[in-house]
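Undergrad: Under the UniProt record's numbering, the sequence shown has 44 at position 44, and the numbering climbs by one with no breaks. Shown below is the structure under consideration.
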Amino acid sequence: VVITLTNSGYIKRISADTYSAQRRGGKGIQAMTTKEDDFVEHVMITSTHSDVLFFTNRGRVYKLRAYEIPDAGRQAKGTNVINLIAIEPDEKIQTVLTVSDGKKEGFLFMATKNGIVKKTHISEFKNLRKNGLIALSLKDNDELLKVKNTYGDANIMIVTQNGYAVRFNEKNVRAMGRTASGVKAINLKDDDVAVCMDIAVDGEELLVISENGFGKRTPVSEYKVQNRGGVGLITYKISEKTGKLTGATICKVDDELMLINSSGVAIRINVADISVTNRSAMGVTLMRTTEDEKVVAIAKILSSDDSEEDEEKLESNTTPETIEENSSESNNEE
Numbered sequence: 001v002v003i004t005l006t007n008s009g010y011i012k013r014i015s016a017d018t019y020s021a022q023r024r025g026g027k028g029i030q031a032m033t034t035k036e037d038d039f040v041e042h043v044m045i046t047s048t049h050s051d052v053l054f055f056t057n058r059g060r061v062y063k064l065r066a067y068e069i070p071d072a073g074r075q076a077k078g079t080n081v082i083n084l085i086a087i088e089p090d091e092k093i094q095t096v097l098t099v100s101d102g103k104k105e106g107f108l109f110m111a112t113k114n115g116i117v118k119k120t121h122i123s124e125f126k127n128l129r130k131n132g133l134i135a136l137s138l139k140d141n142d143e144l145l146k147v148k149n150t151y152g153d154a155n156i157m158i159v160t161q162n163g164y165a166v167r168f169n170e171k172n173v174r175a176m177g178r179t180a181s182g183v184k185a186i187n188l189k190d191d192d193v194a195v196c197m198d199i200a201v202d203g204e205e206l207l208v209i210s211e212n213g214f215g216k217r218t219p220v221s222e223y224k225v226q227n228r229g230g231v232g233l234i235t236y237k238i239s240e241k242t243g244k245l246t247g248a249t250i251c252k253v254d255d256e257l258m259l260i261n262s263s264g265v266a267i268r269i270n271v272a273d274i275s276v277t278n279r280s281a282m283g284v285t286l287m288r289t290t291e292d293e294k295v296v297a298i299a300k301i302l303s304s305d306d307s308e309e310d311e312e313k314l315e316s317n318t319t320p321e322t323i324e325e326n327s328s329e330s331n332n333e334e
């Protein structure tokens, strides 16, 4: 089956056969009818008996079995996820992951806005209650930013709003228990916060977008692997003209992005149309803003290559690899 979740929280389950048949020869994924200011942000291919994990900004994780998500037609809007899981009014879903039955290897790698990271063995998330559990313990004024699947040797990229980035190997982060707080990934200065955590792969690019609508992409290879806990490298020179960074993502040339501003306006951009520059360049205007507007969010939409790969998985009845390795005691580190 295919599960989709929109930016405003509408979720549904679609038959894999229907999904594949509708997408033949197309570019990207047209999975549902959405409001003009909404878009599909998460697309997952899995089996009906897999677990779907929802991680929120408050560091909690909720679980549904895939078959508990209402089945709907390709063009249907879906069901608001708040009707299916007991999230609090002030919680926002940051990441959605699927875990196949019997999956025992791999980790969940988490990052917070204050530059803290943690990895936990997937087995720690097997017995989740309907009302959720703590995925990591957050300190005051911190929020969960992102969660990724890793297998013990991924290079992680953290990007901050003041234009710094650090790339380090996850081997520098030991496995911890579910309620641990984690360790420092980047040494943040002044009022800086992390705006992105992603897996950095040579051959791909880091794309950044500023609050005043400027953006650029830079080869991942320009960011050397460092130890975690340092200040990182300058990836963007912040100025009054550009504003601070509002988001970033690791991307490929055929990816598409959705940018959203503070007025609720969204535009879709091809990554190929964005200039490739060095780390210190300002980039080009990706979204025009007024004095009263800021770009507030960036989301990556599946590329056409991703779509074709997904079709192959659907037709061969395979499910995507999902998660991770051995957890140790739930001690906190600095």
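Just so it is clear, CB atoms sit at the ideal spot from N, CA and C, and this is done for glycine as well. Predicted model only: the values in this text are computed from it and were never measured.
Which ranges would you report for the beta strand (DSSP E) in the region 156-212 if only whole runs of at least 3 residues count?
TA: List check, beta strand (DSSP E) in window: 164-169, 194-199, 205-210.
Undergrad: Here's the rule I'm using: 16 or more other beta-carbon atoms within 10 Å means buried, otherwise exposed. How should T285 be labelled?
TA: Label assigned to T285: exposed.
Undergrad: Taking DSSP as the reference, what is the three-state secondary structure of residue 368?
TA: Outside the displayed span of the chain (1 to 334) sits residue 368, for which this structure offers no information.
Undergrad: Indicate the three-state DSSP secondary structure (helix, strand or coil) for D71 in the structure shown.
TA: Reduced to three states, the DSSP call for D71 is strand.
Undergrad: Is I3 closer than 8 Å to T79 when the C-beta atoms are compared?
TA: Not in contact: T79 and I3 (Cβ atoms no closer than 8 Å).
Undergrad: Kindly indicate which residue of T179, K126, D198, I298 has the alpha-carbon position closest to the one of F168.
TA: Among T179, K126, D198, I298, the Cα nearest to that of F168 is on D198.
Undergrad: Would you say R13 and A86 are within 8 Å of each other, going by their C-beta atoms?
TA: No. Outside cutoff.
Undergrad: For A272, count neighbouring C-beta atoms within 10 Å of its own C-beta (all shown protein chains included) and say buried if the count is 16 or more, exposed if not.
TA: Exposed: under 16 other Cβ atoms inside 10 Å.
Undergrad: Check whether the Cβ atoms of F54 and I93 sit closer than 8 Å, and answer yes or no.
TA: Yes.
Undergrad: Nearest by alpha-carbon distance to N270: which of V253, S263, S210 is it?
TA: The residue with the shortest Cα to Cα distance from N270 is V253.
Undergrad: Buried or exposed, going by whether 16 or more other CB atoms sit within 10 Å of the CB of T290?
TA: That one is exposed.
Undergrad: In this structure, does DSSP put K126 in helix, strand or coil?
TA: It is coil, neither helix nor strand.
Undergrad: Using a Cβ distance threshold of 8 Å, determine whether the region 154-162 contacts the region 240-259, with at least three qualifying pairs required.
TA: Cβ pair count under 8 Å is three or more, so yes.
Undergrad: Give me, in chain order, the residues of the same chain whose beta-carbon lies closer than 7 Å to that of S280; leave out the 5 immediate sequence neighbours on both sides.
TA: Cβ neighbours of S280 beyond the five flanking positions: I234, K237.
Undergrad: Rounded to whole angstroms, what's the CA-CA distance from N114 to G229? Just pull it up for me.
TA: Near 12 Å, if we compare the C-alpha coordinates of G229 and N114.
Undergrad: When the Cα atoms are used, what is the spatial distance from G215 to N187?
TA: Spanning the two alpha carbons is a distance of roughly 24 Å.
Undergrad: Among L257, A185, R268, M258, which has the Cα closest to the Cα of G227?
TA: The residue you asked about is not Gly; residue 227 is Asn in the sequence shown. The shortest C-alpha separation from N227 is found at A185.
Undergrad: If we count Cβ pairs, one from each stretch, closer than 8 Å, do we get three or more for the region 126-138 versus the region 56-66?
TA: The answer is yes - the region 56-66 touches the region 126-138, with three or more Cβ pairs under 8 Å.
Undergrad: Looking at the structure shown, is E41 part of a helix, part of a strand, or coil, going by DSSP?
TA: E41: strand per DSSP, three-state reduction.
Undergrad: A248 by DSSP, collapsed to three states: which one?
TA: Note: A248 maps to strand in three-state DSSP.
Undergrad: Since T98 contacts M44 with CB under 8 Å, what's their CB separation in whole angstroms?
TA: So it is a contact: roughly 5 Å between Cβ atoms.
Undergrad: For V193, which residues in the same chain have their Cβ closer than 7 Å to its Cβ, ignoring the five residues on either side in sequence?
TA: Around V193: K113, N114, T160, Q161.
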